[in-house]
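What follows is a short report on a single structure.
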Amino acid sequence: MPETVISARNLDLTFETNDGPVHALKDITLDIAEGEFISLIGPSGCGKTTLLRVIADLEKPTGGTMSVNGMTPGQARLARAYGYVFQQAALLPWRTIEKNVGLPLEVMGLDAATRKSRIASNLELVNLAGFEKKFPWQLSGGMQQRASIARALAVEPAMLLMDEPFGALDEIVRDHLNEQLLKLWAKTKKTVVFVTHSIPEAVFLSTRIVVMSPRPGRIHEIIECDLGADRSLDIRETPEFLKIAHQVREGLKAGHSYDE
Amino acid sequence: MSERGFIQDRLVPVGSILMVILVIWYIAAYAMNAPFQRDFDRRTDVTRTGTEFLLATMSQPKPTMPAPHQVAENLWKNTLTVKPWSKRSLVYHSWITLSATLLGFAMGTALGVAIAIGIVHIPALDRSLLPWIITSQTIPILAVAPMIIVLLSAIGVTGLLPKALISTYLSFFPVAVGMVKGLRSPDILHLDLMRTYSATKLQLLWKLRIPASVPFFFTSMKVAIAASLIGAIVGELPTGAVAGIGSKLLAGSYYSQTIDIFAALIAGSIVAIMLVSFVDILGRFVNARMGAKQS
Ligand SMILES: Nc1ncnc2c1ncn2[C@@H]1O[C@H](COP(=O)(O)OP(=O)(O)OP(=O)(O)O)[C@@H](O)[C@H]1O
Ligand SMILES: [Mg+2]
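Chain order of the listed sequences is F and L. The numbering used here puts the first residue of the first sequence at 1, with every later residue one more than the last. The numbering used here puts the first residue of the second sequence at 261, with every later residue one more than the last.
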């Protein structure tokens, strides 16, 4: 039995805003085992980003407990337990692409040779070889997002937290990166927590899909989804795939409140 | 910018304004010098035609308001026909003032940056220091300058440093204010990013806050270097300094050498334009190196 690496117990988070409190997370209890690929799916505003940010110690829960690798999220962050891919690329405009990918490596204090080889291999992985010396504004939005994925991978974390990393990409690139990510995951056995709006993407990638519902953000349903280790994109035509996709869709519908 | 673009975009508008200024200046020179000339002519019993009278108002040795060509002639004589290191040369006096300006500017910039870094990192400083800094700038420099000069000369510090300190006093403020804004300019997203890397405060400063503040830095330095020049000139007034643009202004007013005063003023303006342009060009160069989109 693989070890539990992320464990949320009755997690609550309420933002105090000028228009009163916003209940972003309510009673979230979730265990994620080492090597799992978990997708968080749900309508906009249901707290997917917030949950990911709590794991990353970017947000403090107002109730319940969260533990990462048996530590508090803060300790895990200091131990560099995860790599985080934001919804936006968040590249530093004054750094070239290679310098952007190298940023976390500089912060970690790695030597120049290690940095160089990690930058090269990860830019290769996201098909950005040849763009090392470009500045972010010289790249399309999709390329920028790929650079930000390369930046998170370069840290070589045991855990990847990804917030809609492929949301802004076109279908073809998205398919390609889904395959790459799956290969990477199968090879390295990283734990991945992946936020998405796309049902096929979630079903294709995940071992479990967490369906969330809004106001307040909570877990509606958790769907098991293991389609075998070496699946290819063709699997999306198979009945098993479509069955799970249907299940997720039904879950999303049931969890969605239309009374607004 | 193409050559034609430069002529149309810059030379024509700037040139037109210059023409307007010159015309107004000549009219003002005539208007202000005419009463004296009329008086003088009456006393010396000279009768002139209109044109002769007009020309006379433009060629008085100590006019109330010197005409542009008189100032130009004085500038020409005192920059190009004398050795640059001679006491009569405006280049020499400009250099004296410039060296105090640059020293004061360097100290002011360093002080401003240090204060800004302190304010951004230590909340107590943010609340306690900023009001004092703002108050310091409300005290008129003309009141402070003699105090600084006299106090320093009492403890034996004279020459370049007291003038430079007045420049520092005037120039640290825009840099401090601009840099506080610049160091706080990174978006939340980038701060979150650095947090996921568990970057130290020093890394955050060095890799995010300082690079993000560079455009603010150059904008505030443009203001600061012009203020430094004013500080250095003001610093030359109460000392009865023997050299520098300020001393030329002072000497000119003692002996009613209005042409000298104007020439010194123009020399000061030229130095100011050169300094500000230099900071501007340096800023453009650095911004381009940092990947800013060329506009
Ligand atoms: N810093 C904040 N302050 C106040 N309210 C916030 C803050 N961050 C998020 N919220 C609120 O919390 C709720 C959940 O937001 P969150 O960003 O987690 O949603 P999401 O599921 O990621 O949505 P999307 O799919 O659009 O990215 C929303 O109602 C949002 O308005
Ligand atoms: Mg989100």
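All residues carry an ideal CB built from backbone N, CA and C; glycine is no exception. Predicted model only: the values in this text are computed from it and were never measured.
Proximity of residue 77 (chain F) to chain L, defined by a Cβ-Cβ separation below 7 angstroms, is satisfied.
Among the CB atoms of chain L, none fall inside 7 angstroms of the CB of residue 89 (chain F). Between the alpha carbons of residue 140 (chain F) and residue 55 (chain F) lies a distance of about 30 angstroms.
Scanning chain L for C-beta atoms nearer than 9 angstroms to the C-beta of residue 156 (chain F) yields nothing, as the closest lies near 13 angstroms away. The three-state secondary structure of residue 139 (chain F), taken from DSSP, is coil.
In the DSSP assignment, residue 544 (chain L) forms no beta bridge with any residue.
Within chain L, no C-beta atom comes less than 9 angstroms from the C-beta of residue 131 (chain F); the nearest is roughly 13 angstroms away. Its Cα nearest to that of residue 237 (chain F), the residue F:200 stands out among F:78, F:200, F:102, F:168. For residue 470 (chain L), the uninterrupted alpha helix (DSSP H) run begins and ends at 470 to 496, by DSSP.
Not a single heavy atom of ligand 2 lies less than 6 angstroms from the C-beta of residue 60 (chain F).
Proximity of residue 406 (chain L) to chain F, defined by a Cβ-Cβ separation below 7 angstroms, is not satisfied. Sixteen is the threshold: when 16 or more other Cβ atoms of the shown chains lie within 10 Å of the Cβ of residue 330 (chain L), as they do, the residue is buried. Take the alpha-carbon of residue 490 (chain L) and the one of residue 478 (chain L): they are about 19 angstroms apart.
Residue 97 (chain F) places its beta carbon 7 angstroms or farther from that of residue 126 (chain F).
Residue pairing from DSSP places residue 23 (chain F) in a beta bridge opposite F:14. Taking a Cβ-Cβ threshold of 9 angstroms, none of the residues of chain L is close to residue 115 (chain F); the smallest such distance is about 14 angstroms.
Per DSSP, the continuous beta strand (DSSP E) segment holding residue 195 (chain F) begins and ends at 191 to 196. Inside the segment 375 to 400 of chain L, DSSP marks whole alpha helix (DSSP H) runs of 4 or more residues at positions 383 to 398, from first to last along the chain. Contact between the segment 280 to 291 of chain L and the segment 324 to 338 of chain L is present: 3 or more CB-CB pairs across the two stretches fall below 8 angstroms. In this structure, residue 360 (chain L) places its C-beta atom within 7 angstroms of the C-beta atom of residue 492 (chain L). Within the segment 17 to 97 of chain F, the complete alpha helix (DSSP H) runs of at least 4 residues fall at 48 to 55, 73 to 78. Any heavy atom of ligand 2 counts here; residues with a Cβ closer than 7 angstroms to one of them, in chain order, are F:48, F:49, F:87, F:163, F:164, F:195. When the alpha-carbon of residue 251 (chain F) is set against those of F:42, F:112, F:192, F:177, the nearest one is in F:42. Boundaries of the beta strand (DSSP E) around residue 160 (chain F): 159 to 163. Contact annotation for residue 550 (chain L) against chain F: 93, 94, 95, 135 [CB-CB distance below 9 angstroms, chain order]. Proximity of chain L to residue 86 (chain F) at the Cβ level (cut-off 8 angstroms) is accounted for by 449, 452, 453, in chain order. The bridge partners DSSP lists for residue 4 (chain F) are F:33.
Short note on residue 14 (chain F): C-beta not closer than 6 angstroms to any heavy atom of ligand 1.
Here the alpha carbons of residue 512 (chain L) and residue 518 (chain L) stand approximately 6 angstroms from one another. In this structure, residue 24 (chain F) has its beta carbon less than 6 angstroms from a heavy atom of ligand 1. Not one heavy atom of ligand 1 falls within 6 angstroms of the beta-carbon of residue 225 (chain F). When beta bridges are read from the DSSP output, residue 221 (chain F) appears opposite F:211.
Here residue 9 (chain F) is bridged, per DSSP, to F:65.
DSSP places residue 458 (chain L) outside both helix and strand once states are collapsed to three, so it counts as coil.
For residue 44 (chain F), the shortest C-beta to heavy atom distance toward ligand 1 is below 6 angstroms.
Residue 68 (chain F) is outside the set of residues whose beta carbon lies under 7 angstroms from a beta carbon in chain L.
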